[in-house]
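Here is the structure we will look at, set down as structure tokens.
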Ligand SMILES: NC(=O)c1ccc[n+]([C@@H]2O[C@H](COP(=O)([O-])OP(=O)(O)OC[C@H]3O[C@@H](n4cnc5c(N)ncnc54)[C@H](O)[C@@H]3O)[C@@H](O)[C@H]2O)c1
Ligand SMILES: NC(=O)c1ccc[n+]([C@@H]2O[C@H](COP(=O)([O-])OP(=O)(O)OC[C@H]3O[C@@H](n4cnc5c(N)ncnc54)[C@H](O)[C@@H]3O)[C@@H](O)[C@H]2O)c1
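Chains as they are written, first to last, in the UniProt record's numbering: chain S, 1 to 326; chain G, 1 to 326.
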């Protein structure tokens with residue numbers, strides 16, 4: 001199987017490529033095409049064909065270029081994330097809308113020429129909802145995002161659905177939950193603390209908690225995110241009916257529950273490193289985020305996620321810390 | 001008030017301009033800027049300032065040009081309609097998505113330069129829903145259109161909401177029901193017969209009915225559509241909260257109820273002119289259309305529509321036939 005990953009230098013893209021290298025999907029030899037505006041790196045130890053390409057997907061002609069190898073599977077993860085899309089409106093629309101559209105149009109035109117009909121997996125987000133919504137967001141709930149990023153993700157979902165309906169490709173959109181524990185250095189995303197309060201204490205470092213302990217959010221591990229992509233890569237697409245975009249399963253937990261799980265896994269030496277430093281601005285942003293989704297469609301299609309926060313912490317320890325808590 | 005109408009040569013645009021000429025809105029002298037890819041005509045007898053411009057909104061630079069006069073109100077009705085957008089994918093996206101985006105971006109850039117913040121009314125459609133939906137579509141129901149036209153209308157709604165949230169303009173989107181009785185010659189729209197079976201018999205001509213009598217649909221008169229635009233032009237926008245796109249009220253009627261109302265208004269000399277000629281292809285398309293919407297938000301905001309099909313027929317007779325049934 002020839003897999004093209006757009007956004008392959010990102011957190012999910014890197015992990016997905018590593019997962020494929022370790023356990024290929026589908027028939028034939030695995031071939032990887034890794035594309036990102038930042039030069040991607042092939043998975044360590046992978047001895048199949050892997051080409052890497054540093055490309056701005058939204059630049060004219062680039063979408064055609066990255067598709068030249070006619071991959072069987074196109075995994076579209078490239079995106080300007082929430083904070084940046086909000087601060088730089090033009091960049092957000094250029095990458096997240098125009099880039100996505102350029103990709104889908106390039107596939108369409110190629111399909112029209114020679115019948116090539118790849119599978120396309122699109123990473124959408126829980127940010128597609130916003131404004132007023134119930135505690136658990138029903139499968140049928142209207143998408144009224146309250147960020148430019150969320151708006152661009154819904155537009156991507158719509159385009160995916162329309163082009164799939166027309167038969168240009170076989171599309172599936174996954175509304176990814178917030179991914180926690182996000183590995184790496186702390187970043188400035190407003191959601192960063194959900195990972196920080198676990199990741200930093202596990203390596204003996206202090207972490208700041210800017211919101212109240214009863215703050216509830218919708219999370220899953222990087223391992224589950226990779227699992228979603230793997231499952232979407234082989235799922236029978238006709239089972240999606242007229243709605244190829246799916247809310248992924250995840251865990252609805254409070255910060256208090258996160259901390260309790262951390263105590264179970266790593267003791268109060270770890271939880272003592274969490275410093276409460278209320279930040280009303282962050283608390284306000286987070287209050288506008290979805291706390292839970294009904295993901296019964298995805299569950300019935302075989303997507304799975306963690307069912308306790310302890311599992312999420314243990315996945316992080318296994319995947320990022322070599323199984324040891326320092 | 002200076003009003004810019006895009007799509008001013010279309011059915012709704014023409015009627016809205018005539019309505020404004022007859023009864024202006026807001027303060028000061030009415031000034032009309034009428035724009036369409038087909039040269040628009042100023043309302044007969046209007047003695048205020050009216051400029052007409054034949055412009056393709058989706059062509060580079062044209063959106064800036066039509067906004068040069070800094071109108072107070074921008075009414076965006078220009079669109080490639082359903083059948084054409086489905087048959088010509090590129091044209092549909094170019095006009096309905098790119099044209100709308102070019103318009104909104106030109107307003108945004110001008111707003112950024114000099115603070116101009118017009119009101120923008122966007123004509124969306126009942127075609128934003130599709131696939132599986134209940135008999136009456138709830139206000140909170142997910143929009144999963146099953147046509148490219150519907151997809152483009154949802155994208156327009158999303159862009160309107162995002163740009164309004166950012167304060168670039170004061171936006172309001174109206175999901176217009178099917179407009180019936182559409183005046184003029186029969187056209188090839190799949191929905192054409194809903195108007196045809198009333199319009200033709202009222203002037204002594206035969207009309208073809210391609211679907212079963214129990215077919216139910218969501219309709220309102222051209223007069224109500226103009227009323228929606230007038231109301232949206234002055235409504236306090238803060239009342240829209242985080243959701244500036246509204247399902248308009250209308251009447252949910254069956255073809256049988258349409259015919260019964262025609263009989264009351266014009267007798268069986270009229271209804272005898274309806275020839276049943278089942279067309280499975282049309283019946284299949286129509287079966288995928290919404291039959292009714294919950295429009296309680298719009299109703300509570302003061303939008304009104306007909307409550308019986310007789311009223312719709314009488315509006316047509318008054319507005320198009322000089323009050324006489326031939
Ligand atoms: N991580 C999360 O919590 C989360 C939640 C919901 C949805 N998502 C979505 O999942 C996808 C992957 O998430 P992630 O956490 O790996 O994000 P990430 O930011 O780590 O990776 C995104 C990648 O896209 C690349 N990119 C940006 N602009 C590009 C362009 N013009 N051309 C080519 N590449 C470009 C970036 O360089 C980056 O490597 C994204 O689409 C994201 O929006 C993530
Ligand atoms: N009539 C209905 O039943 C109905 C129902 C739901 C929504 N709507 C929407 O309401 C609006 C008005 O409907 P209508 O019945 O008057 O449609 P219409 O087709 O009569 O008018 C649309 C006008 O847009 C113009 N136009 C098309 N492409 C253009 C371009 N590139 N630049 C400038 N102008 C362009 C056309 O020339 C036409 O005059 C449309 O946006 C339509 O999608 C109509």
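C-beta: ideal position from N, C-alpha, C; glycine also. Quick caveat: nothing in here was measured; it's all calculated off a predicted structure.
Nearest to residue i by alpha carbon, out of the options?
i: residue 205/S; options: 42/S, 197/S, 52/S; result: 197/S
i: residue 236/G; options: 34/G, 57/G, 119/G; result: 119/G
i: residue 152/G; options: 90/G, 54/G, 31/G; result: 90/G
i: residue 72/G; options: 86/G, 57/G, 32/G, 296/G; result: 32/G
i: residue 134/S; options: 224/S, 293/S, 207/S, 234/S; result: 293/S
i: residue 296/S; options: 75/S, 136/S, 48/S, 52/S; result: 136/S
i: residue 99/G; options: 44/G, 117/G, 35/G, 39/G; result: 35/G
i: residue 316/S; options: 87/S, 179/S, 274/S; result: 179/S
i: residue 242/S; options: 284/G, 131/G, 185/G; result: 131/G
Could you tell me whether the Cβ atoms of residue i and residue j are closer together than 8 Å?
i: residue 190/S; j: residue 219/S; result: no
i: residue 257/S; j: residue 209/S; result: no
i: residue 253/S; j: residue 313/S; result: no
i: residue 103/G; j: residue 59/G; result: no
i: residue 129/G; j: residue 8/G; result: no
i: residue 183/G; j: residue 320/G; result: yes
i: residue 156/S; j: residue 124/S; result: yes
i: residue 30/S; j: residue 1/S; result: yes
i: residue 222/S; j: residue 164/S; result: no
i: residue 216/S; j: residue 19/S; result: no
i: residue 22/G; j: residue 37/G; result: no
i: residue 144/G; j: residue 161/S; result: yes
i: residue 57/S; j: residue 6/S; result: yes
i: residue 247/S; j: residue 306/S; result: no
i: residue 211/S; j: residue 199/S; result: no
i: residue 25/S; j: residue 232/S; result: no
i: residue 255/S; j: residue 213/S; result: yes
How many Å lie between residue i and residue j at the Cα?
i: residue 3/S; j: residue 70/S; result: 9 Å
i: residue 82/G; j: residue 167/G; result: 30 Å
i: residue 172/S; j: residue 272/S; result: 43 Å
i: residue 159/G; j: residue 101/G; result: 7 Å
i: residue 279/G; j: residue 286/S; result: 53 Å
i: residue 112/S; j: residue 106/S; result: 10 Å
i: residue 42/S; j: residue 17/S; result: 8 Å
i: residue 93/S; j: residue 282/G; result: 38 Å
i: residue 27/G; j: residue 141/S; result: 40 Å
i: residue 324/S; j: residue 193/S; result: 22 Å
i: residue 328/S; j: residue 147/G; result: Any answer about residue 328/S is impossible in this case: the structure gives chain S only from 1 up to 326.
i: residue 150/S; j: residue 228/S; result: 20 Å
i: residue 138/G; j: residue 322/S; result: 50 Å
i: residue 262/S; j: residue 127/G; result: 49 Å
i: residue 175/G; j: residue 301/G; result: 14 Å
i: residue 114/S; j: residue 61/S; result: 19 Å
i: residue 122/G; j: residue 77/G; result: 7 Å
i: residue 226/S; j: residue 15/S; result: 7 Å
i: residue 67/S; j: residue 267/S; result: 50 Å
i: residue 260/G; j: residue 318/G; result: 19 Å
i: residue 109/G; j: residue 80/S; result: 21 Å
i: residue 50/G; j: residue 95/G; result: 25 Å
i: residue 75/G; j: residue 188/G; result: 26 Å
i: residue 239/S; j: residue 299/S; result: 13 Å
Answer yes or no: does any C-beta atom of chain S fall closer than 8 Å to that of residue i?
i: residue 161/G; result: yes
What residues of chain G sit near residue i, judged by a beta carbon separation below 9 Å?
i: residue 142/S; result: 138, 139, 140, 141, 142, 143, 243
Determine the chain S residues that contact residue i at a beta-carbon separation under 7 Å, and present them in chain order.
i: residue 88/G; result: Those do not exist, as residue 88/G stays about 12 Å from chain S at its closest Cβ, beyond 7 Å.
i: residue 155/G; result: 155, 158
Give the interface partners of residue i over in chain G, defined as CB-CB distance under 7 Å, in chain order.
i: residue 223/S; result: By Cβ distance, chain G contributes nothing, its closest Cβ being about 29 Å from residue 223/S, past 7 Å.
Please confirm if residue i has its CB atom under 8 Å from at least one CB of chain G.
i: residue 284/S; result: no
So with CB distances below 8 Å, who are the chain S contacts of residue i?
i: residue 151/G; result: 158, 159, 161, 162
For residue i, go through chain G and note every residue whose CB falls closer than 8 Å to its CB, in chain order.
i: residue 148/S; result: 162, 166
i: residue 131/S; result: 241, 242, 243
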